[in-house]
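Taking this note's numbering, the leading residue of the sequence shown gets 4, the next gets one more, and so forth.
C-beta: ideal position from N, C-alpha, C; glycine also.
Just so we're clear, the structure is a prediction, and the values are computed from it rather than from any experiment.
These notes concern the structure reproduced below.
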Amino acid sequence: MHVTITLFIFAAYLKSKMVQNNVRDRVLIRTSWISTIGNAILSGGKIVVGLMSGSLAVLGDGIDSATDVVISIVMIFTARIMSLPPSKQYVYGYEKAEGIATKVLSMVIFYAGIQMLVSSAKSLFLADQKEIPGLMAIYVTLFSIAGKLLLACYQYRQGKRVDSSLLIANAKNMRNDVIISVGVLLGLFFTLILKLPILDAVTGLIISLFIIKSAIGIFVESNVVLMDGVQDTTVYNKIFEAVNKVPDICNPHRVRSHQVGNRYMIALDIEVDGNLTLNEAHSKAEEVEESIRESVEDVYDIIVHVEPKGTHSSEEKFGIDEAMMRKNQAGE
């Protein structure tokens, strides 16, 4: 009876996780499509108005928005890859495709920042004579700021909702686009009202540095997941606390965790009385697993290795124990 109830609970847990993953994939795809359509409208409007008004700043802003359309398409493609079931080659599934796409996104943002930096520097130091743009350039820039702000807030909220680094990274990229458009607006104001076009180049230079900094931050953050690390190291505190709640368990060690998509893959060793039967030792391992699942959200899988008490070697190549955790926290 106990085994039947346990299997029923575990099956219900797996079903709930499958439903959560399906919802996450649908949110990612739907949000990406909204981003694609919104950016396409904004990009087309700015490119057309930029050509008609003679504003190179608005035209460049439109081209930058066009890269967002490409990014959104990549996000849709990535979401479909992530939804694929595990295969013999990728037994953990395809959710790490999100980390790869996030890194690619950081490079696209970095490239856009470098391009803007170069253009602004050329405009600043060469001091070429510029054509005075029309008022339509200001109107389309104001519309772009409002549209991008709405898209950025929507993407960030949805990214936090489903814990998607890709959506959050793209939201940051759109936030950068808002800043770019504000810079373009200031440049247009200086050009039309104050007759100081050189300030347009200075503004563009400052904005480009901000974009480059943002790209580097996204790149560094994506390294953690791709290198089998965790963004939030307090997960280890939760693991040790969960293990210590289980009676007759001692010396949790060689604890390892990495992220598969937005979920944790956890492995650890524990020690129990060496006189326990195999069934009793297995039951203790299940108790540890259940305790960890109750303490840590978004668990992909847990592997618990059981050892007889007192047989653990202090020298381990991988993982951490409670002493190492306390030492690392003291060092911080």
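| query | Are the CB atoms of GLY207 and SER86 nearer to each other than 8 Å? | reply | When the beta-carbon positions are compared, GLY207 and SER86 stay at least 8 Å from each other.
| task | Note down the Cα distance separating ILE295 from ASP231, rounded to an integer number of angstroms. | result | In a straight line, the C-alpha of ILE295 is about 19 Å away from that of ASP231.
| request: Rounded to whole angstroms, what's the CA-CA distance from ILE8 to SER286? Just pull it up for me. | output: Legend: pLDDT at ILE8 = 35, less than 50; position of this residue unreliable, no value from coordinates given.
| message | Relative to the C-alpha of ASP166, which candidate in LYS198, VAL107 and LEU31 has its C-alpha closest? | response | Comparing Cα-Cα distances from ASP166 to each of LYS198, VAL107 and LEU31, the minimum goes to LEU31.
| request: Tell me, to the nearest whole angstrom, how far the beta carbon of ILE66 is from that of ILE50; I am working on the premise that it is less than 8 Å. | output: Contact between ILE66 and ILE50 holds, with the beta-carbon distance rounding to 7 Å and staying under 8 Å.
| task | Over the uninterrupted beta strand (DSSP E) stretch that includes GLN92, give me the two end residues. | result | Counting along the chain, GLN92 falls outside any beta strand (DSSP E), and DSSP gives it neither H nor E.
| query | Which whole-angstrom value is the C-beta distance of GLN161 and LEU170, which I expect to be below 8 Å? | reply | Under the criterion of beta carbons closer than 8 Å, GLN161 and LEU170 qualify as touching, at roughly 6 Å.
| task | On the DSSP bridge assignment, give the partners of ARG1 in chain order. | result | The structure shown does not extend to residue 1, since the chain is modelled only from 4 through 335, so no value can be given for it.
| Thinking just about the alpha-carbon of each residue, which of VAL275, ASP304, VAL111 and LEU271 is nearest to the one in ASP180? | The residue with the shortest Cα to Cα distance from ASP180 is VAL111.
| Range covered by the beta strand (DSSP E) that runs through ASN254 | Its beta strand (DSSP E) spans residues 253-263.
| query | What whole-angstrom Cβ distance do PRO250 and ASP324 have, given they're in contact under 8 Å? | reply | About 20 Å separates the Cβ atoms of PRO250 and ASP324, ruling out a contact at the 8 Å cut-off.
| query | What are the boundary residues of the beta strand (DSSP E) that ILE269 is part of? | reply | Per DSSP, the continuous beta strand (DSSP E) segment holding ILE269 begins and ends at 266-275.
| Rounded Cβ spacing between TYR303 and MET268 (contact assumed at less than 8 Å) | TYR303 to MET268, Cβ: 5 Å. Contact.
| task | May I ask which residues mark the beginning and end of the beta strand (DSSP E) holding VAL307? | result | That run of the beta strand (DSSP E) goes 302-311.
| task | Return the chain-ordered list of same chain residues with a C-beta closer than 8 Å to the C-beta of PHE321, the five sequence neighbours on each side being excluded. | result | Around PHE321, the same chain offers ARG257 and ARG259 as residues with beta carbons nearer than 8 Å, after the five sequence neighbours per side are excluded.
| field | SER46 to VAL223 span [Cα, whole Å] | value | Near 29 Å, if we compare the C-alpha coordinates of VAL223 and SER46.
| said: Please report the straight-line C-alpha distance between LYS312 and VAL263, rounded to a whole angstrom. | reply: Cα to Cα, the separation comes out at about 31 Å.
| Do the region 181-196 and the region 75-89 make contact, defined as three or more Cβ pairs closer than 8 Å? | Three or more beta-carbon pairs separated by less than 8 Å are not found between the region 181-196 and the region 75-89, which leaves the two stretches without contact.
| task | Figure out for me which residue from THR144, PHE128, LYS151 and GLY150 has the closest Cα to the Cα of ILE201. | result | That would be PHE128, whose Cα lies nearest to the Cα of ILE201.
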